[in-house]
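See structure below.
Below, the structure is given as structure tokens:
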């Protein structure tokens, strides 16, 4: 597959190269993290086991095109990880959470689970065999770039699982706009590639969860809101029943973090996420897509901090809680409980940013935070 | 587009601009229209008439709205730090092609490009070349706010733009900035400010005052009595704010912001924005920027600062010591003043509060002593006045701006900085006479005396002190001065003294360069002055010139102009055979002496170096050449017949 290369690719590559020099060393047999979290399942609210594997990392991100402008997960990868290492990591994670009840397993490996260069075929299969043996697990979520979503790769895994177990592949579409995905994000694939992958997955009875990025760099907050809404609609229309909205958080060794340090990037506002979620549900109803949607969730990293999605210091905590609550309940009205005086400043900043294309206006938020 | 530069003060411009029959004055405001959602644009202008500007395109897609506005964005050049230089330059080529394409529809005088801060010389060079090549007159700046924390970078960016772009290119700062930095940024060369700060402050609950912003919730009484504040009690404003409703606060804040811009315009009209900037030292950005401007951008500032003004200068802060007018004066004294070879005695006097010094009580006493000496011996004496922050003022230049115009808090306390400036200036002036080794008589006491002693040490000479231990005006001190002077000149032969000639020659040298006085005035002249009137120059019974008493400037006449033209000094060259009208437009000037500063007297020449007339510069010499519109100089006198005026 030919990968479209974005305009910032050379600089992203440079930044990543520098960041990788100081990459922290992880033991080959140790998983990076694992925990149990409350999760919106297809059948309601339940628990999910999250496992983050120490893997060789995303090949697109580590390649000569530099990877995505906001992604710093390559910092949590290691060279020379074997299939045996990965299996050992996963079994240890299971042991660490032994005795706990969960209905979903989510495996993250800072890249594509289906890419055999990252997770060798044997490791994929052994890990899935382990999962198939865990009682009560109904949902398995892995992540992959669309080019690795092939019928054979999926079939190999689904045949291992129990018939009632559902596999969901998370694909980071980020935006349905090719212009934004290629240039603002440097994602390296087209919307058409995503559509093809979704069709392949659905044919294999595999579900697709679409990750959408809220506020790629070089977009105004207003543009970012509009893009996230439109992208979700497009992804749903393509057949993805789960949508996860990911507000950008500042990760080290990325173009976004370099811009952030220069004062030219601000993570999105909770107000913007609220707008996206509420408008999106309205659009879904208007376009009669309600039956095509299972869940629209958002689990922001670094929520309420300067590096993650945030409003002002007065309402960050409440906002984080409400977003979590919304994701579990799937009731957009929950977000109406958010009230704060920063709302009118947010509106004003959006207006000014749109009219000036000045990405440094968060400079003026300090004054309100000092009052 | 008609661009009329009315007044200039450093990089600050007071200008009238006419675009599509609408006339605006700059500096001015940019305000977002708050009509319907998704139908907003900018309005340029803050007093009645406005021009519309569309919203800027994305720097990645460059897509512009097809909304018809008077001024139209043609591009948003992706150039900010920390993007790779090679990438920016590469991308600029594509954007330039796009600009060229869009200019087929949008006339250059209506075209606006958006820039982002970057101080890389290669990038600035390439970007400004594109702007000048396509004759774009409107330049926007965005992403500026982080630079409020790095004044050095902010200055570097704006002043480089001001250096690389013609003066008649208008700079629009789209990034909102607090009103307190409007004066300094205008002084740096920004022509229009986004009033968006008003709305951001309002929504943040800030109540603007001339000096800054106060949290409204903490106010217990009204500070302002503008029409909004007069009608609404403070509690109503606070209540409205809590209910998320600006109700009036925005209007009050807008009045404060507007006032700042209008005060800047007033200060520019007075040709002295500098004083207003010094009165607006409300934040560290302004203070830091002013310091850096004076130290790193001196030449640029001086070249665009008027040489001759009649307004007072108040030295209120140590920053005042380095005003361009002060530095320029000190420089001219060092470079263009000479102690004549026959001066055997230099007398140093302390300054006086009253200006010019000769009008003060103390100096009248000093002058009485000098005048009481035999007439044929007075020529041996050079008087110097020691002061802060100008340093040393030769008696001949005491009328000159800013020597006769400054005021400084008189406490008798000199800071180390002031002392250093004065000593440095005194030593360099005295060094001019090192060949003739004059006797230096310091008729000073207290701090002045310490200064003289420091200069003495530096020069490795000995001064004679005639007022040590008493007031220089004390009877005993004056008697001592007279006795010392008489003793020192007793053995010298009589020397003819034409005080008035020395005066005009020294003044001419100061104005046009060392040695020019002799060329302009080869023969003796006499001066006549009545109190508070201009000084007239006479040659015999003929009036041959005038010196403005309020600025101290010698006005050029055609005969003086002919002599000056021969020296190739303070000239500007025009295409054409004769002068039409009383204004010289920059578009016609193809060469000019780079020494020219606004308000300097100039000679106007044609291509064949023939004198067409004399006038007064409105711009610096280099700006006259680079600008393509606006007034370069005012004509004072035209030459009647060219043949007579050939200067060779």
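Residue numbers (this note's numbering), protein chains in the order written: chain A, 1 to 371; chain B, 1 to 648.
Glycine included, C-beta positions come from ideal geometry on N, C-alpha and C.
Owing to the predicted nature of the structure, the values given are computational and were not obtained by experimental measurement.
1. Tell me the start and end of each unbroken beta strand (DSSP E) in the region 122-186 of chain B that is at least 3 residues and wholly inside, in chain order.
2. List the endpoints of the continuous alpha helix (DSSP H) containing residue 182(A).
3. Could you pull the DSSP bridge partners for residue 511(B) from this structure?
4. Restricting to Cα atoms, I'd like to know which of 199(A), 146(A), 332(A) and 278(A) is closest to residue 2(A).
5. Buried or exposed, going by whether 16 or more other CB atoms sit within 10 Å of the CB of residue 330(B)?
6. At a CB distance below 9 Å, what residues from the region 342-354 of chain A approach chain B? Give them in sequence order.
7. In three-state terms, what does DSSP make of residue 282(A)?
8. Tell me residue 277(A)'s beta-bridge partners as DSSP assigns them.
9. Is there a Cβ from chain B that is less than 8 Å from the Cβ of residue 254(A)?
10. For residue 577(B), count neighbouring C-beta atoms within 10 Å of its own C-beta (all shown protein chains included) and say buried if the count is 16 or more, exposed if not.
11. Mapping the DSSP letters down to three states, classify residue 202(A) as helix, strand or coil.
12. Where in the region 92-166 of chain A do unbroken runs of the beta strand (DSSP E), each at least 3 residues long, occur, reported from the N-terminal end onward?
13. Does DSSP put residue 8(B) in a helix, in a strand, or in coil?
14. Closest by CA to residue 86(A), which one among 108(A), 67(A) and 75(A)?
15. Answer yes or no: does any C-beta atom of chain A fall closer than 8 Å to that of residue 557(B)?
16. Consult DSSP for residue 26(A) and reduce its assignment to one of helix, strand or coil.
17. With a cut-off of 8 Å on the beta carbons, I'd call residue 102(A) and residue 49(A) a contact; round off their distance for me.
18. Please report whether the beta-carbon of residue 316(A) lies at a distance below 8 Å from any beta-carbon of chain B.
19. At which residue ranges does the region 48-84 of chain A contain complete alpha helix (DSSP H) runs of 4 or more residues, listed in the order of the chain?
20. Counting only Cβ-Cβ distances shorter than 9 Å, please list the residues of the region 56-77 of chain B near chain A, keeping chain order.
21. Going by the CB atoms, is the gap between residue 629(B) and residue 271(B) shorter than 8 Å?
22. Would residue 600(B) pass as a contact of residue 387(B) if the rule is Cβ separation under 8 Å?
23. In this structure, does DSSP put residue 210(A) in helix, strand or coil?
24. According to DSSP, is residue 662(B) part of a helix, a strand, or is it coil?
25. Among residues of its own chain, excluding the 5 on either side of residue 476(B), which ones have a beta-carbon nearer than 8 Å to its beta-carbon?
26. For residue 596(B) versus residue 621(B), is the C-beta spacing smaller than 8 Å?
27. What residues from chain B crowd round residue 184(A), counting only those whose CB sits closer than 8 Å?
28. Please state if the CB of residue 565(B) and the CB of residue 603(B) are separated by a distance shorter than 8 Å.
29. I'd like the list of long-range same chain contacts for residue 126(A), defined as Cβ closer than 7 Å, with 5 residues on each side in sequence excluded.
30. Under 8 Å, Cβ to Cβ, is there at least one residue of chain A near residue 220(B)?
31. With DSSP as the reference, please indicate the residues paired to residue 573(B) in a beta bridge.
32. Give me the subset of the region 241-252 of chain A whose CB atoms are less than 8 Å from a CB atom of chain B, sorted by chain position.
33. Expressed to the nearest angstrom, what Euclidean distance is found between the alpha-carbon atoms of residue 149(B) and residue 320(A)?
34. DSSP three-state call for residue 175(A): helix, strand or coil?
35. Suppose only complete runs of 4+ residues qualify. What are the alpha helix (DSSP H) ranges in the region 274-348 of chain A, listed by chain order?
36. By the 10 Å Cβ neighbour count, where 16 or more other Cβ atoms means buried, how is residue 110(B) classified, buried or exposed?
Answer, in terms of the structure:
1. Listed in chain order, the complete beta strand (DSSP E) runs (minimum 3 residues) inside the region 122-186 of chain B are 138-141 and 170-173.
2. On the first chain, residue 182(A) is found 182 positions in, with the first residue counted as 1. Run containing residue 182(A): none; DSSP gives neither H nor E here.
3. On the second chain, residue 511(B) is found 511 positions in, with the first residue counted as 1. None, per the DSSP bridge assignment.
4. Here the question's residue 2(A) lines up with position 2 in the first chain. It is 146(A).
5. Against the second chain, residue 330(B) aligns to sequence position 330. By the 10 Å Cβ count, residue 330(B) comes out buried.
6. Listed by position along the chain: 342, 343, 344, 345, 346, 347, 348, 349, 351, 352 and 354.
7. Within the first chain, residue 282(A) is the residue found at index 282, counting from 1. The three-state secondary structure of residue 282(A), taken from DSSP, is helix.
8. Walking along the first chain from the start, residue 277(A) turns up at place 277. Answer is none; residue 277(A) lacks a bridge partner.
9. In the first chain, residue 254(A) corresponds to position 254, counting from 1. False, the Cβ-Cβ gap to chain B never drops below 8 Å.
10. Counted from its first residue, the second chain places residue 577(B) at position 577. Burial is judged here by how many other beta carbons sit within 10 angstroms of a residue's own beta carbon; residue 577(B) has fewer than 16 and is exposed.
11. Position 202 of the first chain, counted from the first residue, corresponds to residue 202(A). In the structure shown, residue 202(A) falls within a helical segment according to DSSP collapsed to helix, strand and coil.
12. Whole beta strand (DSSP E) segments, 3+ residues: 104-108 and 139-143.
13. As a first step, residue 8(B) must be located in the second chain, where it is residue number 8. Strand, per DSSP.
14. As a working note, residue 86(A) is residue 86 in the first chain. Cα-wise, what sits closest to residue 86(A) is 108(A).
15. For the purposes of this step, residue 557(B) is taken as residue 557 along the second chain, with counting starting at 1. Taking 8 Å as the CB threshold, residue 557(B) stays off the interface with chain A.
16. Mapped onto the first chain, residue 26(A) falls at position 26. Of the three classes helix, strand and coil, the one that applies to residue 26(A) here is coil, per DSSP.
17. As a working note, residue 102(A) is residue 102 in the first chain. As a working note, residue 49(A) is residue 49 in the first chain. Rounded, the Cβ-Cβ distance is 4 Å, consistent with contact.
18. Residue numbering aside, residue 316(A) sits at position 316 when the first chain is read from its first letter. With 8 Å as the cut-off, residue 316(A) does not count as an interface residue toward chain B.
19. With a minimum length of 4 residues, the continuous alpha helix (DSSP H) runs that stay inside the region 48-84 of chain A are 59-62.
20. Here the close residues are 56, 57, 58, 59, 60, 61 and 76.
21. The residue given as residue 271(B) occupies position 271 in the second chain. The residue given as residue 629(B) occupies position 629 in the second chain. Result no, Cβ atoms of residue 271(B) and residue 629(B) do not sit closer than 8 Å.
22. Here residue 600(B) refers to the residue found at position 600 of the second chain. Here residue 387(B) refers to the residue found at position 387 of the second chain. For residue 600(B) and residue 387(B), no; Cβs fall outside 8 Å.
23. Locating residue 210(A) in the first chain gives position 210, where the first residue counts as 1. DSSP places residue 210(A) in strand when its eight states are reduced to three.
24. The shown model of chain B, from 1 to 648, leaves out residue 662(B), and the question about it has no answer.
25. Translated into the one-based positions of the second chain, residue 476(B) becomes position 476. Closer than 8 Å at the Cβ level, and outside the excluded window around residue 476(B), lie 470.
26. Here residue 596(B) corresponds to residue number 596 of the second chain, with the count starting at 1. Here residue 621(B) corresponds to residue number 621 of the second chain, with the count starting at 1. Remark: C-beta atoms of residue 596(B) and residue 621(B) approach each other more closely than 8 Å.
27. Taking the first chain and counting its residues from 1, one reaches residue 184(A) at position 184. Chain-ordered, the chain B residues with CB closer than 8 Å to the CB of residue 184(A) read 60.
28. As a position in the second chain, residue 603(B) is number 603, starting the count at 1. As a position in the second chain, residue 565(B) is number 565, starting the count at 1. It is a contact, given that the beta carbons lie within the stated cut-off.
29. Position 126 of the first chain, counted from the start, is the residue given in the question as residue 126(A). Excluding residues within five positions, the ones whose Cβ falls inside 7 Å are 87.
30. Counting from one through the second chain, the residue named residue 220(B) turns up at place 220. Chain A contact via Cβ: absent.
31. The residue you call residue 573(B) lines up with position 573 of the second chain. Among the bridge pairs identified by DSSP, residue 573(B) is matched with 591(B) and 605(B).
32. Hits within the stretch: zero.
33. Counted from its first residue, the second chain places residue 149(B) at position 149. Counted from its first residue, the first chain places residue 320(A) at position 320. Between the C-alpha atoms of residue 149(B) and residue 320(A) there is a straight-line separation of about 31 Å.
34. Sequence index remark: in the first chain, residue 175(A) carries index 175 (1-based). Residue 175(A): coil per DSSP, three-state reduction.
35. Segments of the alpha helix (DSSP H) lying fully in the region 274-348 of chain A: 316-329.
36. As a first step, residue 110(B) must be located in the second chain, where it is residue number 110. The residue is buried, with at least 16 neighbouring Cβ atoms inside 10 Å.
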